[in-house]
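Structure record follows, encoded as structure tokens.
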Amino acid sequence: MSLILTVNGGSSSLKCALFFRHDDIADNIYTFKLSNILNHPAMKVLSPQGEIVEQHQLDMTDIAIDHRHQSCLDEVIQWVDKNLPDNDIKAFGHRVVHGGELFSEPVVANDTILNNLESLIPLAPLHQPFSLKLIRACQHLKPALPQILCFDTMFHAHQPDVEQHYAIPRKFTEAGIHRYGFHGLSYEFIQHSLKKIGHGAESDKTIVCHLGAGSSMCAIKEGKSIASSMGFSAVEGLPMGTRTGNIDPGVLLYLQRNYDMDTDQLERFIYKDCGWLGVSGISSDMQELKQSDQPEAEEAIAMFVYRAVLEIGRLSAALQGLDQLVFTAGVGENDSSLRKRICDQLDWLGIKLNKSANQESEAIISKATSPVTVRVIPTNEEAMIARHTESILAAAEG
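Heads up: the sequence shown begins at 47 in the numbering used here, then just goes up one per residue.
If you want it as structure tokens, here you go:
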């Protein structure tokens, strides 16, 4: 059996998924979640239905922090070799957050490409370094195998100039300082799901709400991204777990001048000290905030809901109307009360929520009389990565 292993890493976590190749299709057979990599690593193996197949702690006390991601990958590969001895991994598929202006479609990694991606680290400092570290780790562990890189920015690459460009001197825009948008693999998967639903769902004027610790929204028209909440970096848009979202750049100048913040301190401020954590002073986790009785926790939630409603209004204007609203990702898929709070403030758009369907997270959570269809669709970035990887492998094999 021929296999594809997808790799999607963060600063202290790693998610891999194993796919079986057949008839130009990749079917998921196992998912691997490795958490708390930098402290007490744990590995969980899940079936396609989400059932736990195996879980255990990993002893990495003798392994340097910089080598933990590679060691975790090695654990996954060893598990595959042990449990599927008659099968071979044929390629790795990677999620890379930022493709810049150079990459608007999946590519096979080489040294030149990786050097170009290194230069984009300042645009995605939370994610890009770990993506590159994992690609190089795979090259070290399986040097003969192709590494297929799939970019979170590529779904948004053809947005209109009026959406992409900032009101800055043209020489800076031409140098690549413009809005890119992110979570593109998630949005691409949702669009693929809408195509499967059919009956026009794939061509409706759609806003997808990818809500989690990292949150964004995307306006999709005729299957194409035409506007999104994130911009030049993954910090623009909605307030997130620890990221500011939209902020007057004058605030950053003020902090620099009056609080003596240097560039590194400002970067930490906008990426790690703000958002739900900064407003609440309690947590960057939405569930913890909901369980808290502190008024600051409610303020953080209310602010997120308010900003989400405002962004849906902006994206509806970009679409010149709205046919359907889709909730996805960790919070969007699972938090019925947050969905209700957002939809209750969208009555002016014609949204009419079915409370019981929403409570059960059904596929459609709007009333039959609602002019706007509201859906809940689980996202699957790994499946999208596997699909792109399979396409490239199939083309190479003729």
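No residue lacks a Cβ here, since even glycine has one placed at the ideal position from N, Cα and C.
| Check | Outcome |
| --- | --- |
| Cut-off 7 Å between Cβ atoms - residues of its own chain near Ala-170, not counting five sequence neighbours on either side | Val-143, His-144, Ser-279, Ala-280 |
| Residue interval of the beta strand (DSSP E) (run including Ser-48) | 48-55 |
| Contacts around Ser-48, its chain only, beta-carbon distance under 7 Å, and the 5 residues preceding and following it disregarded | Arg-67, Asp-134, Lys-136 |
| Whether Ser-249 touches Glu-268 by CB criterion (7 Å) | yes |
| Cβ neighbours of Ile-109 in the same chain (closer than 8 Å, five flanking residues each side left out) | Ser-117 |
| Nearest residue (CA-CA) to Thr-252, options Pro-87, Asp-369, Leu-399, Asn-54 | Asp-369 |
| Paired residues, beta bridge with Tyr-76 - DSSP | Leu-64 |
| Contact between the region 158-165 and the region 173-180 (3+ Cβ pairs under 8 Å) | yes |
| Cβ neighbours of His-150 in the same chain (closer than 6 Å, five flanking residues each side left out) | Going by the sequence as given, residue 150 is Ser instead of His. Met-200, Ala-203. |
| Rounded C-alpha distance that separates Ala-432 from Ile-50 | 7 Å |
| Within 7 Å, strictly: CB atoms of Ser-438 and Ser-416 | One point to set straight first is that residue 438 is Ile, not Ser, in the sequence displayed. Result no, Cβ atoms of Ile-438 and Ser-416 do not sit closer than 7 Å. |
| Beta bridge counterpart(s) of Met-263 as assigned by DSSP | Cys-255 |
| Candidates Ser-330, Leu-312, Val-355, of which the one nearest Met-263 by Cα | Val-355 |
| Among His-86, Asn-426, Leu-284, nearest to Leu-64 - alpha-carbon criterion | Asn-426 |
| Residue closest to Gly-367, alpha-carbon to alpha-carbon, out of Gly-146, Gln-95, Ala-259, Ile-266 | Ile-266 |
| Beta carbon of Gly-376 nearer than 7 Å to that of Gly-258 | yes |
| Per DSSP, cross-strand counterpart(s) of Met-286 | Its beta-bridge partners do not exist; DSSP assigns none. |
| Contact belief for Ser-271 with Tyr-233 at Cβ below 8 Å, rounded distance in angstroms | 7 Å |
| Beta carbon of Thr-288 nearer than 7 Å to that of Gly-327 | no |
| Residues near Ser-93 in its chain [Cβ-Cβ closer than 6 Å; skip 5 each side] | Val-99 |
| Residues of its chain near Ala-364, where Cβ-Cβ distance is below 8 Å and the 5 sequence neighbours each way are ignored | Glu-209, Ala-265, Ile-272, Ala-273 |
| Own chain residues within Cβ distance below 6 Å of Val-122, not counting five before or after | Cys-62, Phe-78 |
| Where Cys-389 falls: helix, strand or coil (DSSP) | helix |
| Member of Glu-443, Glu-436, Pro-424, Gly-444 whose CA lies at the smallest distance from the CA of Gly-96 | Pro-424 |
| Cα-Cα separation, Gln-311 to Tyr-300 | 13 Å |
| N-terminal and C-terminal residue of the alpha helix (DSSP H) that Lys-413 is part of | Run containing Lys-413: none; DSSP gives neither H nor E here. |
| CB contact flag (Glu-357, Ser-275, <7 Å) | yes |
| Cβ shell of Lys-413 (< 6 Å), same chain only, five flanking positions each side left out | Lys-398, Asn-400 |
| Nearest-angstrom beta carbon gap, Arg-385 and Ile-411 [assumed within contact, 8 Å] | 7 Å |
| Short Cβ contact (7 Å threshold) for Val-372 with Val-254 | yes |
| Segments of 4+ residues assigned as alpha helix (DSSP H) that fall wholly inside the region 204-256 | 207-210, 216-220, 230-243 |
| Burial state of Thr-419, where buried means 16 or more other Cβ atoms lie within 10 Å | buried |
| His-231 classed as buried or exposed, judged by whether at least 16 other C-beta atoms fall within 10 angstroms | According to the sequence provided, residue 231 is Leu. The question's His does not apply to it. Classification of Leu-231: buried, given that the 10 Å Cβ count is 16 or more. |
| Local Cβ density within 10 Å of Glu-436, reported as buried at 16 or more and exposed below that | buried |
| Same chain, Cβ closer than 7 Å to Leu-148, five either side skipped, listed in chain order | Asn-162 |
| Of the residues Gly-146, Pro-206, Gly-244, His-186, the one placed nearest Ala-221, counting alpha carbons only | Gly-146 |
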